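Participant: There's a structure below that I have some questions on.
Residue numbers (the numbering used here), protein chains in the order written: chain A, 90 to 499; chain B, 2 to 243.
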């Protein structure tokens with residue numbers, strides 16, 4: 090035990106005597122580990138931001154949008170047809186067992202006025218279930234209920250962006266009367282800030298009103314009962330695929346679509362988007378990992394190189410140690426410990442530099458970052474392993490020296 | 002009582018390519034505990050090979066070598082390392098101290114490999130340095146010490162583990178006459194006062210004068226082995242220590 094401890098001390102002393110060389114040897118490992126830590130943090134940060142945005146649309150969510158219209162042979166693109174109705178939504182809620190909740194939306198760009206300020210925003214007529222389907226909490230007041238929906242009450246729930254723009258003075262919006270397309274509405278609730286969608290749309294720039302109110306009093310409609318989008322959510326994420334199939338079958342039947350004919354609606358699965366982004370980030374992570382492995386490999390070769398030089402340089406020292414009684418394993422351990430100390434110390438500095446780099450990226454570039462403890466642990470243990478692997482051969486060579494030859498060397 | 006060093010018909014044969022070099026050709030010799038032996042001979046006479054074998058740095062091709070009754074000639078490299086550590090002390094012509102390492106740490110080195118506890122290492126190294134007259138210079142590194150002082154550190158290192166025998170290979174070869182005599186005085190004193198067994202290789206007759214017994218090698222064989230009486234040692238540098 091004493092011998093091992095002394096051997097470690099000896100190794101540390103040898104490194105201290107050659108500060109510059111030790112530092113340069115560490116550099117490869119430092120860069121490798123720092124690169125891993127920084128890249129993984131930035132990568133995970135970006136990934137988390139994307140996942141967060143996808144989650145912000147709601148959990149286990151299916152979006153059903155109308156298909157394309159074809160007028161005189163001109164196809165107008167998805168969502169232009171008014172093929173979805175509130176009745177479809179009710180049918181989905183009734184007939185698809187995998188679906189937990191259903192909500193639907195009718196929307197239009199509207200001008201809202203409060204006092205002498207006005208603001209152009211998205212007016213959306215929705216069912217009361219909408220905010221639970223979208224997993225969107227109310228921070229002040231409340232969302233409207235079935236009674237207000239049935240009675241087409243002039244009540245509105247505002248998104249944060251609308252609050253910021255209409256109530257710039259900081260007044261309490263709850264209870265205030267705003268005008269939407271010149272129809273007076275009482276503000277009964279404010280929603281939590283949800284942020285942008287993945288495609289950069291501000292989700293908080295919105296005024297919600299009961300679907301019936303919107304249809305009859307403000308947004309109006311050509312055909313009563315048509316909706317712009319139906320949201321359906323499932324209780325568990327495993328049910329998404331089943332629910333998707335059930336909705337599809339139901340709507341094909343309701344819309345009388347023959348087998349082989351194009352559907353006049355599209356069912357979008359947000360989990361698919363999440364999965365795709367997860368896979369993209371996995372590919373990215375593997376790429377980072379291979380780049381980092383290469384830099385650690387290069388660092389390891391650097392250690393081996395320097396250790397071989399060191400063994401040659403210190404042949405006489407090895408001879409002296411052997412003459413006074415150092416055994417093969419003492420010499421082996423001494424040089425192995427030197428290599429491991431260089432690599433782990435390099436790894437430690439690398440972790441610190443990596444954390445600094447992450448902080449720098451987060452503050453200067455304002456990128457989202459997420460420091461990953463497992464990544465740090467892996468990078469650090471990898472650096473220690475590099476020391477063992479690349480230090481072993483030089484150490485083995487040192488310990489195999491013949492004491493007489495070693496003593497005679499200059 | 003068996004001899005401390007007991008060599009029987011020791012041969013050492015090297016193969017340099019196709020050439021066979023017989024460095025030692027049937028050497029048999031006994032050295033008793035407490036002796037002070039000088040090994041002499043021209044270069045190539047086999048005295049260095051003899052010292053390497055006695056010092057357990059090398060193994061004989063044929064023959065047997067017992068140290069303290071232990072048959073060391075058939076030991077593994079690691080076991081020989083242990084024997085060197087416990088029973089042998091080395092003093093070299095080039096001092097062979099670790100550079101950039103303090104006198105204290107250099108002397109501690111054999112104790113480190115012996116697994117001696119830290120506190121004891123420290124104490125014994127300090128005592129050994131004091132015994133060679135270097136008290137107060139523990140923290141000096143070799144480059145801050147004169148040749149004679151460096152050799153004293155080496156002698157302290159050789160003695161710190163209380164070895165059965167100290168092997169000195171041309172210990173004064175790199176020192177001037179004055180310093181040489183100081184070092185030889187030190188050896189003589191250690192031999193007289195502490196009964197240290199010393200085997201000393203030299204090619205200088207006046208250095209060999211200090212020893213009580215002189216073994217001369219030629220062509221890998223011992224050609225003379227004479228015991229000098231104490232009185233004849235008055236010559237050379239010897240007169241100085243009286």
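Just so you know, even glycine gets a beta-carbon here, dropped at the ideal spot from N, CA and C.
These figures come from a predicted structure and were not determined experimentally.
1) State the DSSP-derived secondary structure class of residue 246 of chain B, mapped to helix, strand or coil.
2) Whole angstroms is fine: what's the gap from residue 339 of chain A's alpha carbon to residue 356 of chain A's?
3) Return no unless some Cβ of chain B is closer than 9 Å to the Cβ of residue 496 of chain A.
4) Count the C-beta pairs between the segment 294-310 of chain A and the segment 193-211 of chain A that are closer than 8 Å, then say yes if the count reaches three, no if not.
5) Can you tell me whether residue 16 of chain B is helix, strand or coil according to DSSP?
6) Is the distance from the Cβ of residue 35 of chain B to the Cβ of residue 219 of chain B below 9 Å?
7) Identify the contact partners of residue 143 of chain B in chain A, using a Cβ-Cβ distance below 9 Å as the criterion.
8) Give the C-beta separation of residue 82 of chain B and residue 414 of chain A to the nearest angstrom, bearing in mind that I take them to be a contact with Cβ-Cβ under 8 Å.
9) Between which residues of its own chain and residue 336 of chain A is the CB-CB distance below 8 Å, once the five residues before and five after are set aside?
10) Please report the residue range of the alpha helix (DSSP H) in which residue 299 of chain A lies.
11) Just to confirm before moving on: does the CB-CB distance between residue 227 of chain B and residue 215 of chain B stay below 9 Å?
12) May I ask you to list, following chain order, the residues of the segment 409-433 of chain A that have a beta carbon less than 9 Å from some beta carbon of chain B?
13) Mind pulling the beta strand (DSSP E) runs of 3 or more residues that sit fully within the segment 55-142 of chain B?
14) Could you check if residue 216 of chain A is buried or exposed, using at least 16 other CB atoms within 10 Å of its CB as the buried criterion?
15) Cα-Cα, which of B:78, B:136, B:91 is closest to residue 104 of chain B?
16) Given that residue 91 of chain B touches chain A, what residues does it touch there, using C-beta distances under 8 Å?
17) Which same chain residues end up closer than 7 Å to residue 442 of chain A when comparing Cβ atoms and leaving out the 5 residues on each side of it in sequence?
18) Spatial neighbours of residue 273 of chain A within its chain, please: CB distance less than 7 Å, with the 5 preceding and 5 following residues excluded, ordered by chain position.
19) Whose C-alpha, out of A:399, A:402, A:364, is nearest the C-alpha of residue 327 of chain A?
20) Can you tell which of B:165, B:163, B:123, B:209 has the C-alpha that lies nearest to the C-alpha of residue 184 of chain B?
21) So the candidates are A:121, A:344, A:201; which of them puts its Cα closest to the Cα of residue 381 of chain A?
22) Run the CB neighbour count on residue 189 of chain B, radius 10 Å, all protein chains shown included, and call it buried at 16 or more, exposed below.
23) I'd like to know if residue 452 of chain A contacts chain B, where contact means its C-beta is closer than 9 Å to some C-beta of that chain.
24) Buried or exposed, going by whether 16 or more other CB atoms sit within 10 Å of the CB of residue 115 of chain A?
25) Do residue 497 of chain A and residue 408 of chain A come within 9 Å of each other at the CB atom, strictly closer than that value?
26) Report all residues from its chain with a CB closer than 8 Å to the CB of residue 242 of chain B; omit the five preceding and five following residues, and keep chain order.
27) By DSSP, does residue 264 of chain A sit in helix, in strand, or in coil?
Facilitator: Quick look at the numbers:
1) There is simply no residue 246 of chain B to check, as chain B begins at 2 and stops at 243 in what is shown.
2) As a first step, residue 339 of chain A must be located in the first chain, where it is residue number 250. As a first step, residue 356 of chain A must be located in the first chain, where it is residue number 267. One C-alpha to the other measures close to 12 Å.
3) Here residue 496 of chain A corresponds to residue number 407 of the first chain, with the count starting at 1. It does: the Cβ of residue 496 of chain A has a partner Cβ on chain B nearer than 9 Å.
4) yes
5) Position 15 of the second chain, counted from the first residue, corresponds to residue 16 of chain B. Here residue 16 of chain B sits in strand by DSSP.
6) On the second chain, position 34 is the one that residue 35 of chain B refers to. On the second chain, position 218 is the one that residue 219 of chain B refers to. Against a cut-off of 9 Å, the Cβ pair of residue 219 of chain B and residue 35 of chain B comes out as no contact.
7) Counting from 1 along the second chain, the entry for residue 143 of chain B is found at position 142. Those within 9 Å of residue 143 of chain B in chain A number zero; the least Cβ separation is about 12 Å.
8) In the second chain, the residue the question calls residue 82 of chain B occupies position 81. In the first chain, the residue the question calls residue 414 of chain A occupies position 325. With a Cβ gap of about 5 Å, residue 82 of chain B and residue 414 of chain A count as contacting.
9) Translated into positions along the first chain, residue 336 of chain A becomes position 247. Closer than 8 Å at the Cβ level, and outside the excluded window around residue 336 of chain A, lie 151, 153, 181, 185, 188, 321, 356.
10) Against the first chain, residue 299 of chain A aligns to sequence position 210. Here residue 299 of chain A belongs to no alpha helix (DSSP H); instead the beta strand (DSSP E) covers 295-299.
11) The residue given as residue 227 of chain B occupies position 226 in the second chain. The residue given as residue 215 of chain B occupies position 214 in the second chain. In contact: residue 227 of chain B and residue 215 of chain B (Cβ atoms closer than 9 Å).
12) 409, 410, 411, 412, 413, 414, 415, 416, 417, 418, 419
13) 63-68, 89-92
14) Along the first chain, read from residue 1 onward, the residue named residue 216 of chain A stands at position 127. It counts as buried.
15) Position 103 of the second chain, counting from 1, holds the residue named residue 104 of chain B. If we check each option's Cα against that of residue 104 of chain B, B:136 comes out closest.
16) Translated into the one-based positions of the second chain, residue 91 of chain B becomes position 90. Ordered by position in chain A, the residues that pass the 8 Å Cβ test against residue 91 of chain B are 412, 413.
17) Residue 442 of chain A sits at position 353 when you count from the first residue of the first chain. Closer than 7 Å at Cβ, skipping near neighbours: 119, 123.
18) Looking up residue 273 of chain A in the first chain gives position 184. Counting only Cβ-Cβ distances below 7 Å, and skipping sequence neighbours, we find 243, 266.
19) Along the first chain, one-based indexing puts residue 327 of chain A at 238. Closest option to residue 327 of chain A, Cα to Cα, is A:364.
20) Along the second chain, read from residue 1 onward, the residue named residue 184 of chain B stands at position 183. Among B:165, B:163, B:123, B:209, the Cα nearest to that of residue 184 of chain B belongs to B:209.
21) Indexing the first chain from 1 puts residue 381 of chain A at position 292. When each option's Cα is compared against that of residue 381 of chain A, the closest is A:121.
22) Taking the first residue of the second chain as 1, we reach residue 189 of chain B at position 188. Label assigned to residue 189 of chain B: buried.
23) Numbered from 1 along the first chain, position 363 holds the residue referred to as residue 452 of chain A. Taking Cβ atoms only, chain B never reaches closer than 9 Å to residue 452 of chain A, which makes this a no.
24) By one-based count along the first chain, residue 115 of chain A stands at place 26. Result: buried.
25) By 1-based counting over the first chain, the position of residue 408 of chain A is 319. By 1-based counting over the first chain, the position of residue 497 of chain A is 408. Yes.
26) One-based indexing of the second chain puts residue 242 of chain B at position 241. Residue confidence is low: residue 242 of chain B scores 39 on pLDDT, short of 50, so the model does not pin down where it sits. Its coordinate-derived value is still stated next. If we look at residue 242 of chain B and ignore the five residues flanking it on each side, its Cβ neighbours are 186, 189, 190.
27) Here residue 264 of chain A is taken as the residue at index 175 of the first chain, counted from 1. Of the three classes helix, strand and coil, the one that applies to residue 264 of chain A here is coil, per DSSP.
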